[in-house]
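Beneath this line is the structure, given in structure tokens, with notes to follow.
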Amino acid sequence: MSAVVAQTLHVFGLRSHVANNIFYFDEQIIIFPSGNHCVKYNVDQKWQKFIPGSEKSQGMLALSISPNRRYLAISETVQEKPAITIYELSSIPCRKRKVLNNFDFQVQKFISMAFSPDSKYLLAQTSPPESNLVYWLWEKQKVMAIVRIDTQNNPVYQVSFSPQDNTQVCVTGNGMFKLLRFAEGTLKQTNFQRGEPQNYLAHTWVADDKIVVGTDTGKLFLFESGDQRWETSIMVKEPTDGSKSLDVIQESESLIEFPPVSSPLPSYEQMVAASSHSQMSMPQVFAIAAYSKGFACSAGPGRVLLFEKMEEKDFYRESREIRIPVDPQSNDPSQSDKQDVLCLCFSPSEETLVASTSKNQLYSITMSLTEISKGEPAHFEYLMYPLHSAPITGLATCIRKPLIATCSLDRSIRLWNYETNTLELFKEYQEEAYSISLHPSGHFIVVGFADKLRLMNLLIDDIRSFKEYSVRGCGECSFSNGGHLFAAVNGNVIHVYTTTSLENISSLKGHTGKIRSIVWNADDSKLISGGTDGAVYEWNLSTGKRETECVLKSCSYNCVTVSPDAKIIFAVGSDHTLKEIADSLMLLTFDDQFLLTAAEDGCLFTWKVFDKDGRGIKREREVGFAEEVLVTKTDMEEKAQVMLELKTRVEELKMENEYQLRLKDMNYSEKIKELTDKFIQEMESLKTKNQVLRTEKEKQDVYHHEHIEDLLDKQSRELQEMECCNNQKLLLEYEKYQELQLKSQRMQEEYEKQLRDNDETKSQALEELTEFYEAKLQEKTTLLEEAQEDVRQQLREFEETKKQIEEDEDREIQDIKTKYEKKLRDEKESNLRLKGETGIMRKKFSSLQKEIEERTNDIETLKGEQMKLQGVIKSLEKDIQGLKREIQERDETIQDKEKRIYDLKKKNQELGKFKFVLDYKIKELKKQIEPRENEIRVMKEQIQEMEAELENFHKQNTQLELNITELWQKLRATDQEMRRERQKERDLEALVKRFKTDLHNCVAYIQEPRLLKEKVRGLFEKYVQRADMVEIAGLNTDLQQEYARQREHLERNLATLKKKVVKEGELHRTDYVRIMQENVSLIKEINELRRELKFTRSQVYDLEAALKLTKKVRPQEVSETEPSRDMLSTAPTARLNEQEETGRIIEMQRLEIQRLRDQIQEQEQVTGFHTLAGVRLPSLSNSEVDLEVKTN
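For the sequence shown, the working numbering begins at -9 and goes up steadily by one.
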């Protein structure tokens, strides 16, 4: 088999105990450590790229990125020696720039690092007992300064540079806060600590000379130039269950078993150890990050606080609280947010805050969400997906699905998809899981927990157990290749179960030590096992007996496997006969395309397998992945019910929307009518204006016509006068011209005679010279022909290339042609001018020849002409050389044009790619803009409707309250009247009783008439006269009581009205305040949406301008402030509930009023006592019952 190579493809995990373990490379890419790599993760496109650590590295300890985002420094321990590797992030792939591993001082490891503001210097802090602070010029590997920070072996947590000064340095640790300045080759401390020493865990620079520092007791200090300016304490908030929300997480020992050499303790575990003796309930500030408005800091488990700077003072106030959300998949949701935030980082634009926690989780939050959530704490979201927070103990894959199943000591089971690189399922349990195996179909898993072995179904959104076996602490389990059997290890016994009847079909006993590995052969007929007793057994499942065995007691086997033909068994153990990969799990997928590895740091790596030439491995066993998932019947029924409800809801919403549309159509039609009337009126007014302007125009035309006629008359008179003057001048000039013409004719005849004589003498000399120069011309023509032949040959050679550039060159040739034609016209004009000048010179020359002798004149003229001819020859030679140079220059220009054409073609291809990307971005931005505009319109309409409904409800409530108060007042008045009548009745009954007793006493004197007469007269005087007086007095008292009752009734009405006015005022005030708050939040949301819209429009415009699709015209600025009617609002379900509640209250009040009215009518019909006002009162028993009901 040819050699193969594995390349890292994706990782699921984080090493949280690395100092400064997360930061932004740019707005979309973050960098964090995982395993022995640093991962560049694109948040938007979800891809990962890897920066590999050094070979034979025992783990990363600290990271640091330069301020210009070009360099990354990694502190490692390589072969038990410390090393700092600096990578150049701008190169693709990232390459090592420098490795610092030769030191002149004692050092065990570097626990914190920082780059200077100009990225030229590197600051590194070593661990105790040395505790040296090293100041490097890292490009030249030169140590500029070194100083010992602490002599008491206290841990140092963080070092940093001032953001503007290369020479100023800050160091914090347990009991130390030091500011140092680099000067003259040394680092000197510039501050002096005052007060009690604190355990300073983290710090950040908020200005050039201001530093915010956090402690393990929840205190924050602001230092300016080393002096304390501000101090605050983070308050511990009590949750609803009464237990403090910042309790320290007590983890089991199995969850913290990290290797002692590679574990970066200084950043977290030493902080916890150093602060263990302090108040454990106080929030510990492990991380602080500064941004433009202030800073963010961790405030105990699961809690981050944002502090903003106060405008007038240099102090900070707490503005927002951000919490880690409760995980619904956890078995104990109250503990899921009890994890410390170890590192915080803001994106370059400060739109996103990213946090890493002590449980290897990555969280993020958009800063705009923190501004929206007023009063209530905001919540983080997972940056990617929930990760393992403890060592992975089991790893499995299947055949029919691209799934990876893992179990961990964090009591969770997770299913990952290695094709889409996502988390498919995740669930936590009460017990730790030690082993896991996936069924080949991908629908079932078997998991060995600490208490039981469970066989589970993998549903679409859940993991459910359907069979449990009493196998405790199962350290190894495995499905057979066919999936009909699975084996589980219980100590030194292997139990084999069938997946059809779920029964134990055999138990394989024979190992004397713990079994560490089991594997099935290809046809599932045999099982191979290896254990710590040094034995490797091959079991026959049909008989349940051992077939072959190999025992080497000096070796403890960790893993066994078998060849495809089941003839060769491979095993690795403690004797290092085959190389053992310690404390890790490795697995190949069924199609041999991916390698899966997991280790104790909780990280899961997927590797792509290639051959040595870089080609993918040929698939010998290619099986298509299945799309089926398991769903329970109850889930299907619930989803069907939800779908039905949603359908009905959709139909209701359609009806409501149609009704709203009809209302809008009616409103719009009315508005259209109003606008048409308005436009008709404006058109009529414009018509009248137009008519007035026409009349004015006609007046102006008449005036202009008259003015033009006057000007024409004046011009004609002036023309006649000028013609007369010019005619006279022309006559004079014509006479002069005739005289001059006669003179010129005579002179021309004389000159012609002289020229004929000169021509005869010159002809002989010219013939000799022509013969001489013709010979030279023949030589030059031969040379020209040879040059022309060379030119033709070159033209034939470049004919193919010229065809490609003809279109571009034609335009330039046309320009050159027009330029040279213009030059030719200029030259012709200059030649004509020169010919005229030569004629004048000839006339002068002939006049001079008359004065000089003929022979001397002939000789001189011949010499002059000879010189002229020599000059012509030289000029011709220069022209030939110029033509040669021009031919050479043309060749060079042709080569330059070819290069330019090639460059333009490459540029055109790049621009085509860029155009495709920008077109896609423009489409995405347009898609984002349209739904937001639709949402704004819908929300505006909902606001208007709800405001109208609110006003109607207010009116109805006020009217009903008035009616109720009136009825109550009537009821009280009738009740009082009834009581008075009853009191009167009781008085009369007492009077009748007294009268009866007196009458009975009178009957005793029936035998004595005189005494009887006196007694009767006494009775008459006693009762009749008193009764009249009582009646008169009673009448007066009745009037006074009626007056008092009316006055009391009116005072009571006035008091109730005052109370009702005050109550309604308070209600209106609270409603107004609530509506104003909602409107303010909605206005903020509108402004944010407008800013986003404006930004996206500007982006679209810039992209279109870059592609030259549209003219560069700035989009119209969207106004920041719109009228209040444009405010959008959401229509939450809470308002619908309030409307339903008010409707129910109104209906109950209406029924109560109707009942009272019926009761009053019944009491009016009862024949009994009447009030003075004529209103019949109800009976005493009924009214008392009613009063009791009302008071209750």
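Glycine is no exception: its CB is placed at the ideal position from the N, C-alpha and C atoms.
Predicted model only: the values in this text are computed from it and were never measured.
**Study point:** Expected contact under 8 Å - CB spacing of L577 and L334 to nearest Å
**Key:** Translated into the one-based positions of the sequence shown, residue 577 becomes position 587. Translated into the one-based positions of the sequence shown, residue 334 becomes position 344. Contact doesn't hold; Cβ gap of about 36 Å is too wide.
Practice item. Consult DSSP for W37 and reduce its assignment to one of helix, strand or coil. Key: Looking up residue 37 in the sequence shown gives position 47. Residue state, collapsed to three classes: coil.
Practice item. Give the single residue among Y419, L1146, T1086 and W128 whose Cα lies nearest to the Cα of P318. Key: By one-based count along the sequence shown, residue 318 stands at place 328. Measuring C-alpha to C-alpha distances from P318 to each of Y419, L1146, T1086 and W128 identifies Y419 as the nearest.
Check your understanding: Per DSSP, V437 is paired with what?
Key -> Taking the sequence shown and counting its residues from 1, one reaches residue 437 at position 447. Answer is I426 and R444, bridged to V437.
Point to revise | Minimum C-alpha distance to D304 - residue among V159, I201, L295 and V33 | key: Within the sequence shown, the letter at position 314 stands for residue 304. Selected option, being the one with the closest Cα: I201.
Check your understanding: In this structure, what does DSSP give as the bridge partners for K71?
Key -> Against the sequence shown, residue 71 aligns to sequence position 81. The beta-bridge partner set that DSSP reports for K71 consists of V68.
Exercise for review: Would you mind sorting T360 into buried or exposed? The rule is 16 or more other CB atoms within 10 Å of its CB.
Suggested key: For the purposes of this step, residue 360 is identified with residue 370 of the sequence shown, where counting begins at 1. So T360 counts as buried.
Practice item. Return helix, strand or coil for H1039, following the three-state DSSP convention. Key: Counted from its first residue, the sequence shown places residue 1039 at position 1049. The three-state reading of DSSP puts H1039 in helix, counting H, G and I together.
Review point. How big is the Cα-Cα spacing for T502 and G472?
Key: Your numbering for residue 502 matches position 512 in the sequence shown. Your numbering for residue 472 matches position 482 in the sequence shown. Cα-Cα distance, rounded: 29 Å.
Review point. Is L90 buried or exposed, if buried means 16 or more other CB atoms sit within 10 Å of its CB?
Key: Locating residue 90 in the sequence shown gives position 100, counting from the first residue. By the C-beta density criterion, L90 is buried, having at least 16 other C-beta atoms within 10 angstroms.
Point to revise | Cβ separation of G292 and R310, assumed to be a contact under 8 Å, to the nearest whole Å | key: For the purposes of this step, residue 292 is taken as the residue at position 302 of the sequence shown. For the purposes of this step, residue 310 is taken as the residue at position 320 of the sequence shown. Not confirmed; about 15 Å, so no contact.
Practice item. Excluding the 5 residues preceding and the 5 following H369 in the sequence, name in chain order all residues of the same chain whose CB lies nearer than 8 Å to its CB. Key: Residue numbering aside, residue 369 sits at position 379 when the sequence shown is read from its first letter. If we look at H369 and ignore the five residues flanking it on each side, its Cβ neighbours are I312, R313, I314, P315 and I355.
Point to revise | Whole-angstrom distance between L373 and S460, CA atom to CA atom | key: Counting from 1 along the sequence shown, the entry for residue 460 is found at position 470. Counting from 1 along the sequence shown, the entry for residue 373 is found at position 383. The straight-line gap from Cα to Cα measures roughly 39 Å.
**Study point:** Reduced DSSP secondary structure (H/G/I, E/B, other) of A345
**Key:** Taking the sequence shown and counting its residues from 1, the one referred to as residue 345 is at position 355. For A345, the secondary structure class from DSSP, reduced to helix, strand or coil, is strand.
Review point. According to the neighbour-count rule (16 or more other Cβ atoms, all chains shown, within 10 Å of its Cβ), is W510 buried or exposed?
Key: On the sequence shown, position 520 is the one that residue 510 refers to. Flag for W510 reads buried.
Check your understanding: Tell me which same chain residues have a C-beta within less than 6 Å of the C-beta of N26, skipping the five on either side of it?
Key -> Mapped onto the sequence shown, residue 26 falls at position 36. Closer than 6 Å at Cβ, skipping near neighbours: G43 and S47.
Practice item. Report the option in R782, L517 and T222 whose CA atom is closest to the CA atom of D881. Key: By 1-based counting over the sequence shown, the position of residue 881 is 891. Of R782, L517 and T222, the residue nearest in Cα terms is R782.
Exercise for review: Starting from the C-beta of I1190, find all residues in its chain whose C-beta is less than 6 Å away, skip the five residues before and the five after it, and write them out in chain order.
Suggested key: Here the chain has residues from -9 to 1182 only, and residue 1190 is not among them.
Review point. Where does R313 sit, in a helix, a strand or coil, going by DSSP?
Key: For the purposes of this step, residue 313 is identified with residue 323 of the sequence shown, where counting begins at 1. The answer is strand: DSSP assigns R313 an E or B state.
Exercise for review: Specify whether the segment 145 to 156 and the segment 174 to 194 touch according to this definition: at least 3 beta carbon pairs, one from each stretch, less than 8 Å apart.
Suggested key: The answer is yes - the segment 174 to 194 touches the segment 145 to 156, with three or more Cβ pairs under 8 Å.
Review point. Run through DSSP, which three-state label would S6 get?
Key: Position 16 of the sequence shown holds residue 6. Correct three-state label for S6: coil.
Exercise for review: Tell me, please, whether the CB atom of F2 is closer than 7 Å to any CB atom in chain B?
Suggested key: The structure shown contains no chain B; it is built from a single protein chain.
Review point. Could you give the distance in angstroms between the alpha-carbon of Q705 and the alpha-carbon of R684?
Key: In the sequence shown, counting from the first residue as 1, residue 705 sits at position 715. In the sequence shown, counting from the first residue as 1, residue 684 sits at position 694. Those two C-alpha atoms are separated by around 31 Å.
**Study point:** Rounded Cβ spacing between V599 and D625 (contact assumed at less than 8 Å)
**Key:** The sequence position of residue 599 within the sequence shown is 609, counting from 1. The sequence position of residue 625 within the sequence shown is 635, counting from 1. Not confirmed; about 38 Å, so no contact.
Point to revise | Which residues DSSP lists as bridging I21, in chain order | key: The residue labelled residue 21 in the question sits at position 31 within the sequence shown. According to the DSSP secondary-structure assignment, I21 is paired through a beta bridge with F13 and K30.
Review point. Going by C-alpha distance, which of L1002, G175 and N1043 is nearest E951?
Key: Taking the sequence shown and counting its residues from 1, one reaches residue 951 at position 961. Checking every option, the nearest Cα to that of E951 belongs to N1043.
**Study point:** Own chain partners of Y946 with C-beta closer than 7 Å, once the 5 adjacent residues on each side are dropped
**Key:** The residue you call residue 946 lines up with position 956 of the sequence shown. One detail in the question is off: residue 946 reads as Gln in this sequence, not Tyr. Counting only Cβ-Cβ distances below 7 Å, and skipping sequence neighbours, we find I1136.
Point to revise | Where the beta strand (DSSP E) containing R138 begins and where it ends | key: Looking up residue 138 in the sequence shown gives position 148. Segment K132 to R138, the beta strand (DSSP E) holding R138.
Point to revise | Limits of the alpha helix (DSSP H) - the one that A777 falls within | key: Sequence index remark: in the sequence shown, residue 777 carries index 787 (1-based). Unbroken alpha helix (DSSP H) run through A777: K623 to E787.
Review point. So the alpha helix (DSSP H) I919 belongs to, where does it begin and stop?
Key: Residue mapping note: residue 919 aligns to position 929 of the sequence shown, counting from 1. E844 to V993 is the extent of the alpha helix (DSSP H) around I919.
Point to revise | P42 in three-state terms, based on DSSP | key: Sequence index remark: in the sequence shown, residue 42 carries index 52 (1-based). The answer is strand: DSSP assigns P42 an E or B state.
Exercise for review: Just grab the DSSP bridge partners of Q115 for me.
Suggested key: Locating residue 115 in the sequence shown gives position 125, counting from the first residue. By DSSP's assignment, Q115 forms a beta bridge with S102 and L123.
Review point. Counting pairs of Cβ atoms below 8 Å between the segment 907 to 917 and the segment 1078 to 1093, do you hit three or more?
Key: A contact exists between the segment 907 to 917 and the segment 1078 to 1093.
Check your understanding: So, helix, strand or coil for L169, using DSSP?
Key -> Counted from its first residue, the sequence shown places residue 169 at position 179. Strand at L169.
Check your understanding: Ordered along the chain, which non-local residues of its own chain (more than five positions away) have a Cβ less than 6 Å from that of E247?
Key -> One-based indexing of the sequence shown puts residue 247 at position 257. Residue confidence is low: E247 scores 36 on pLDDT, short of 50, so the model does not pin down where it sits. Its coordinate-derived value is still stated next. When the five nearest sequence neighbours on each side are left out, no beta carbon in the same chain lies closer than 6 Å to the beta carbon of E247.
Review point. Distance, Cα to Cα, R1080 vs M1066?
Key: Position 1090 of the sequence shown holds residue 1080. Position 1076 of the sequence shown holds residue 1066. Approximately 20 Å between the Cα atoms of the pair.
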